[in-house]
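Using our numbering, read the sequence shown as starting at 697 and increasing by one per residue.
Encoded as structure tokens, the structure appears first; notes follow it.
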Amino acid sequence: MANEEEDTLAKYGLPSGGTTSELFRPAVEEEELMQIDQHLSWMDPFVLYLSTGNLHQSVRDKKRFRLKAAYYYLVSGILYRKTFLSTMARCVSKSEIPTILQEVHSGECGSHSGARTLERRILRQGYFWPMLKKDSEAYARKCVQCQKFAPL
Numbered sequence: 697m698a699n700e701e702e703d704t705l706a707k708y709g710l711p712s713g714g715t716t717s718e719l720f721r722p723a724v725e726e727e728e729l730m731q732i733d734q735h736l737s738w739m740d741p742f743v744l745y746l747s748t749g750n751l752h753q754s755v756r757d758k759k760r761f762r763l764k765a766a767y768y769y770l771v772s773g774i775l776y777r778k779t780f781l782s783t784m785a786r787c788v789s790k791s792e793i794p795t796i797l798q799e800v801h802s803g804e805c806g807s808h809s810g811a812r813t814l815e816r817r818i819l820r821q822g823y824f825w826p827m828l829k830k831d832s833e834a835y836a837r838k839c840v841q842c843q844k845f846a847p848l
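Structure, rendered in structure tokens:
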């Protein structure tokens, strides 16, 4: 019952015509703000091409890019790639890759499988990025438990 007074006050709203207090100093100092550099993601040229039909200025070989773009789809602003199983895999950004590798390799249902199995499982889970094979090999190579039983 120590908080009875606070509980009662919490039930009442601000009366109409009541005043609100202003902060004398900002809640966030300007020096604390961080500028985020936005680099071109591997997905950006595909998203631009599929949404507008225009090629990004970074694309050099236009014919080759258009052939690659035939495997990609844009659904509600999210980029997907058609896989060899004719399913759609969501294209992921660089920041999501470590989490996906860790979860599939040694997460809840992970079995510390090798690089090829890891790559296939990630595709079956519905994720894709261009360096998937290379990243899977590098991740399996770094895993100490995998090296004990099946060195690469």
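Even for Gly, the Cβ is constructed at its ideal location relative to N, Cα and C.
Here the structure is a predicted model, which means the values were calculated and not measured.
Cutoff 9 Å: residue i Cβ touching any chain B Cβ
| i | result |
| --- | --- |
| D831 | Chain labels in this structure do not include chain B; a single protein chain is all it has. |
Assigned secondary structure, residue i (DSSP; H/G/I helix, E/B strand, else coil)
| i | result |
| --- | --- |
| Y767 | coil |
| A785 | strand |
| F780 | coil |
| L775 | strand |
Close-in-space but distant-in-sequence residues of the same chain around residue i (CB under 7 Å, 5 per side omitted)
| i | result |
| --- | --- |
| I774 | R786 |
| S754 | L736 and P741 |
| L744 | N750 and H752 |
| K829 | E815 |
Beta-carbon contacts of residue i that lie in its chain and below 6 Å, excluding the five residues immediately before and after
| i | result |
| --- | --- |
| R760 | none |
Chain-order list of residues whose beta-carbon lies under 8 Å from that of residue i (same chain, five-residue window excluded)
| i | result |
| --- | --- |
| V800 | G806, L814, R817, I818 and Q821 |
| L746 | A765, Y768, Y769, L770 and L775 |
Whole-angstrom C-beta distance between residue j and residue i, which should lie under 8 Å
| i | j | result |
| --- | --- | --- |
| P826 | W738 | 6 Å |
| F824 | T779 | 7 Å |
| R777 | Y768 | 5 Å |
| C842 | A836 | 6 Å |
Burial state of residue i, where buried means 16 or more other Cβ atoms lie within 10 Å
| i | result |
| --- | --- |
| T809 | Contrary to the premise, residue 809 reads as Ser rather than Thr in this sequence. S809 is buried by the Cβ-count criterion. |
| L781 | exposed |
| S832 | buried |
| V771 | exposed |
| V788 | buried |
| A811 | buried |
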